[in-house]
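Below is one structure; the comments refer to it alone.
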Amino acid sequence: GAVVSQHPSRVICKSGTSVKIECRSLDFQATTMFWYRQFPKQSLMLMATSNEGSKATYEQGVEKDKFLINHASLTLSTLTVTSAHPEDSSFYICSARRGGEAFFGQGTRLTVV
Amino acid sequence: GENVEQHPSTLSVQEGDSAVIKCTYSDSASNYFPWYKQELGKGPQLIIDIRSNVGEKKDQRIAVTLNKTAKHFSLHITETQPEDSAVYFCAPGAGNMLTFGGGTRLMVKP
Numbered sequence: 018g019a020v021v022s023q024h025p026s027r028v029i030c031k032s033g034t035s036v037k038i039e040c041r042s043l044d045f046q047a048t049t050m051f052w053y054r055q056f057p058k059q060s061l062m063l064m065a066t067s068n069e070g071s072k073a074t075y076e077q078g079v080e081k082d083k084f085l086i087n088h089a090s091l092t093l094s095t096l097t098v099t100s101a102h103p104e105d106s107s108f109y110i111c112s113a114r115r116g117g118e119a120f121f122g123q124g125t126r127l128t129v130v
Numbered sequence: 074g075e076n077v078e079q080h081p082s083t084l085s086v087q088e089g090d091s092a093v094i095k096c097t098y099s100d101s102a103s104n105y106f107p108w109y110k111q112e113l114g115k116g117p118q119l120i121i122d123i124r125s126n127v128g129e130k131k132d133q134r135i136a137v138t139l140n141k142t143a144k145h146f147s148l149h150i151t152e153t154q155p156e157d158s159a160v161y162f163c164a165p166g167a168g169n170m171l172t173f174g175g176g177t178r179l180m181v182k183p
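So the protein sequences, as listed, match chains A and B. If you're matching positions, the first sequence starts at 18 in the working numbering and goes up one per residue. If you're matching positions, the second sequence starts at 74 in the working numbering and goes up one per residue.
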């Protein structure tokens with residue numbers, strides 16, 4: 018069964034609003050989680066590394082004020098897309114590692130209209 | 074940073090044939106070499122992985138071979154089935170970091 022659960026799987030929001038995506042590790046603790054973005058027919062691009070109890074580490078070119086990451090517990094990381102615009106429409110995927118193996122969530126399809 | 078290239082970008086095979094996808098990487102510190110399968114609208118799923126102290130690993134119809142000297146590793150799928158149709162990604166890495174290749178769209182024709 019799934020070891021990383023992501024919610025919601027799909028969300029449609031109006032331009033200018035904010036959207037929160039949750040990523041949970043099931044039955045294990047994850048001090049670090051990863052957030053990826055994937056455009057159609059492209060690869061996964063790492064956006065940021067979420068660290069429990071401390072600030073997230075963002076990849077170059079990713080706006081930290083736009084993509085807010087909170088890792089408040091050992092099993093939950095959240096990504097909030099603030100003031101979303103149509104260009105933020107994408108597939109967002111989280112990941113956590115257990116025993117050296119990376120597990121991915123089901124992904125969240127965000128559509129901003 | 075790690076540069077990862079994956080070839081081919083698309084691969085079409087007849088059901089029952091074999092498929093091979095190659096991944097080259099640049100960082101000699103990489104010590105973990107996984108392959109992921111991604112179906113439409115879903116997150117990647119690990120199908121096989123290998124670590125740097127092993128040259129080959131097999132799991133039923135799927136195998137991975139590693140050449141650390143040449144910095145490449147390959148995914149081998151034998152007796153392909155229509156349900157193998159998906160996008161496959163390599164993601165070599167070290168520690169917590171994985172860098173994804175560009176992906177290979179595999180189409181298995183019945």
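We put the beta carbon where it would ideally sit given N, CA and C, even for glycine.
- Task: Spell out whether any CB of chain A is found under 7 Å from the CB atom of B/F173.
- Result: yes
- For B/V137 and B/F195, the rounded distance between their alpha carbons: In the structure displayed, chain B extends from 74 to 183; residue 195 of chain B sits before or after that span and is not available.
- Output yes if chain B places a C-beta closer than 7 Å to the C-beta of A/T95; else output no. no
- Could you work out which residue in A/V79, A/N68, A/G116 is closest to A/T95 when comparing CA atoms only? A/N68
- Between which two residues does the beta strand (DSSP E) carrying B/K130 extend? 129-132
- Query: For A/V28 versus A/F120, is the C-beta distance shorter than 7 Å?
  - Reply: no
- Query: Within the chosen definition, does the stretch 44-54 of chain A reach the stretch 100-113 of chain A through at least 3 CB pairs nearer than 8 Å?
  - Reply: yes
- Cα separation between B/P87 and A/G70? Checking the sequence shown, residue 87 of chain B turns out to be Gln, not Pro. Cα to Cα, B/Q87 sits roughly 51 Å from A/G70.
- Below 8 Å on the Cβ atoms is my guess for A/L91 versus A/Q46; work out the distance and round it to an integer in Å. 4 Å
- Along chain A, which residues have their Cβ under 9 Å away from the Cβ of B/F162? S60, L61
- Message: With a threshold of 7 Å between beta carbons, is A/Q46 in contact with chain B?
- Response: no
- Query: Using a beta-carbon distance below 7 Å, is B/N104 in contact with chain A?
  - Reply: no
- Query: Roughly how many angstroms lie between the CA atoms of B/E112 and B/A164, to the nearest whole one?
  - Reply: 16 Å
- Query: According to the Cβ coordinates, are B/S99 and B/E75 closer than 7 Å?
  - Reply: yes
- Residue interval of the beta strand (DSSP E) (run including B/H145): 145-150
- Contacting residues, own chain, Cβ-Cβ under 6 Å from A/P103 (five flanking each side not counted): V129
- Message: Less than 7 Å between the beta carbons of B/I121 and B/D132, yes or no?
- Response: yes
- Task: State buried or exposed for B/F106, treating a residue as buried only when at least 16 other CB atoms are found within 10 Å of its CB.
- Result: buried
- Name, in chain order, the residues that DSSP records as bridge partners for B/V77. B/Y98
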